[in-house]
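Since the structure comes first, as structure tokens, the remarks are kept for the end.
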Amino acid sequence: MKRWIHIIFFMLLLLAACSGRFSRKAELNPGIHNTPPLSPPNRSKAEFMKNPEPDYLSLANALIERGFYRVALVQLDEARKKDHNNPQIYYLMGICHKALGEFKRAEALFRKSLEKDPRYAPAYSELGTLYDRKGDRKIAMTYYKKAIEIDPSKPEFFNNIGFSEIMSGDLKAAELHLLESLKLDPGSLRTLNNLAFCYLKMGKEKKAVSILKTVLPQDQVYSNLGAMYELQHNSGKAAEMYRKALTANPNLSKI
Numbered sequence: 000m001k002r003w004i005h006i007i008f009f010m011l012l013l014l015a016a017c018s019g020r021f022s023r024k025a026e027l028n029p030g031i032h033n034t035p036p037l038s039p040p041n042r043s044k045a046e047f048m049k050n051p052e053p054d055y056l057s058l059a060n061a062l063i064e065r066g067f068y069r070v071a072l073v074q075l076d077e078a079r080k081k082d083h084n085n086p087q088i089y090y091l092m093g094i095c096h097k098a099l100g101e102f103k104r105a106e107a108l109f110r111k112s113l114e115k116d117p118r119y120a121p122a123y124s125e126l127g128t129l130y131d132r133k134g135d136r137k138i139a140m141t142y143y144k145k146a147i148e149i150d151p152s153k154p155e156f157f158n159n160i161g162f163s164e165i166m167s168g169d170l171k172a173a174e175l176h177l178l179e180s181l182k183l184d185p186g187s188l189r190t191l192n193n194l195a196f197c198y199l200k201m202g203k204e205k206k207a208v209s210i211l212k213t214v215l216p217q218d219q220v221y222s223n224l225g226a227m228y229e230l231q232h233n234s235g236k237a238a239e240m241y242r243k244a245l246t247a248n249p250n251l252s253k254i
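In this text, residue positions in the sequence shown follow numbering that gives the first Met the number 0: the first is 0, and each later residue adds one.
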């Protein structure tokens, strides 16, 4: 019993010590990876004293949030030994392998998650992102739509399908899905940024600027717009936006 208590204490110390070393990645770059792990509830002290065996799933979630994917996989493997029918375990394993660039393994694990529970919506959404990465947007769409059909309460599902539609040029559909995502999570910086990107591709630069100004300082607004124009291979407009960012904040040139 003492051994498990020492292990948990060490892991918590490790997480606390390392948490300050990792800054949260900017959520304002257009992207489709936006399905957070589903954290199980934390155990109370009383529950822990009754059963001091580690809550591997909670440890894995904490490690994933800090970018320790290999270590998280060790915890998830232990969790799997205790509960091999839990779809979330295989889903989180897939999240880790995806983050490590091991996409085939990630896909297999997302499918394994669905074998355990065919209605585990997050796995469908993540399969969509993998097919998007391969450029097969038609198949990606079927997975995104399946995730939304099962659980329409998740804003990240609408964000993911919206970004995919931006990249495939279906801008009107993208706008509708991103607006739906914002209804569910009005403060999502990622979705706001993706909506701005959508409007930029529609030729509505002023509308894109207006959206970004609600959540970002002026220099970051123009810096983001510059990155968006780069994604469209419009180097002239990108340079113009970067110049505006430097005018708003000359210190950017020192970064």
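From the three backbone atoms N, C-alpha and C, an ideal C-beta is built for every residue, glycine too. For clarity, every value in this text was computed on a predicted model and none was experimentally measured.
Residue from the options whose Cα sits closest to the Cα of residue i
{"i": "Asp131", "options": "Asp116, Phe102, Glu148 and Ala107", "result": "Phe102"}
{"i": "Gly134", "options": "Ser167, Asp82, Pro216 and Tyr89", "result": "Ser167"}
{"i": "His232", "options": "Pro53, Pro151, Leu199 and Tyr89", "result": "Leu199"}
{"i": "Pro154", "options": "Ala120, Leu126 and Ile165", "result": "Ala120"}
{"i": "Pro249", "options": "Glu229, Ala237 and Asp218", "result": "Asp218"}
{"i": "Ile138", "options": "Met227, Gly127, Ser57 and Asp82", "result": "Gly127"}
{"i": "Tyr90", "options": "Leu178, Arg104 and Gly100", "result": "Arg104"}
{"i": "Lys80", "options": "Asp54, Leu181 and Lys243", "result": "Asp54"}
{"i": "Arg136", "options": "Phe196, Asp169 and Phe109", "result": "Asp169"}
{"i": "Val73", "options": "Gly66, Met92, Cys197 and Gln87", "result": "Met92"}
{"i": "Lys264", "options": "Arg118, Ile94 and Cys95", "result": "Because the chain spans 0 through 254 in this model, residue 264 falls outside it and cannot be assessed."}
{"i": "Glu174", "options": "Asp76, Lys206 and Ala59", "result": "Lys206"}
{"i": "Glu64", "options": "Thr246, Pro86, Ile94 and Ile147", "result": "Ile94"}
{"i": "Ser152", "options": "Asp184, Tyr142 and Leu194", "result": "Asp184"}
{"i": "Gln87", "options": "Lys97, His96 and Leu75", "result": "Leu75"}
Limits of the alpha helix (DSSP H) - the one that residue i falls within
{"i": "Gly186", "result": "Neither: Gly186 is in no alpha helix (DSSP H) and is coded neither H nor E."}
{"i": "Pro121", "result": "Ala120 to Arg132"}
{"i": "Leu251", "result": "Leu251 -> no alpha helix (DSSP H), and no H or E assigned at all."}
{"i": "Met201", "result": "It is not in any alpha helix (DSSP H) - Met201 carries neither H nor E in the DSSP assignment."}
{"i": "Gln217", "result": "Gln217 to Leu230"}
{"i": "Thr246", "result": "Ser234 to Ala247"}
Contact under 8 Å by Cβ, residue i with residue j
{"i": "Leu160", "j": "Leu191", "result": "Note on residue identity: the sequence assigns Ile, not Leu, to residue 160. Against a cut-off of 8 Å, the Cβ pair of Leu191 and Ile160 comes out as no contact."}
{"i": "Asn84", "j": "Lys111", "result": "no"}
{"i": "Leu108", "j": "Tyr68", "result": "no"}
{"i": "Ser124", "j": "Met140", "result": "no"}
{"i": "Tyr221", "j": "Lys243", "result": "yes"}
{"i": "Leu224", "j": "Val208", "result": "yes"}
{"i": "His176", "j": "Phe157", "result": "yes"}
{"i": "Ser187", "j": "Leu178", "result": "no"}
{"i": "Leu260", "j": "Ala78", "result": "Residue 260 is absent from the structure shown; the chain starts at 0 and stops at 254."}
Review point. What are the start and end residues of each continuous alpha helix (DSSP H) run of 4 or more residues lying completely inside the region 143 to 180, in chain order?
Key: List check, alpha helix (DSSP H) in window: 154 to 167.
Review point. Which parts of the region 51 to 117 are runs of the alpha helix (DSSP H), unbroken and 4 residues or longer, counting only runs that do not cross its ends?
Key: Whole alpha helix (DSSP H) segments, 4+ residues: 55 to 64, 68 to 81, 86 to 98 and 102 to 115.
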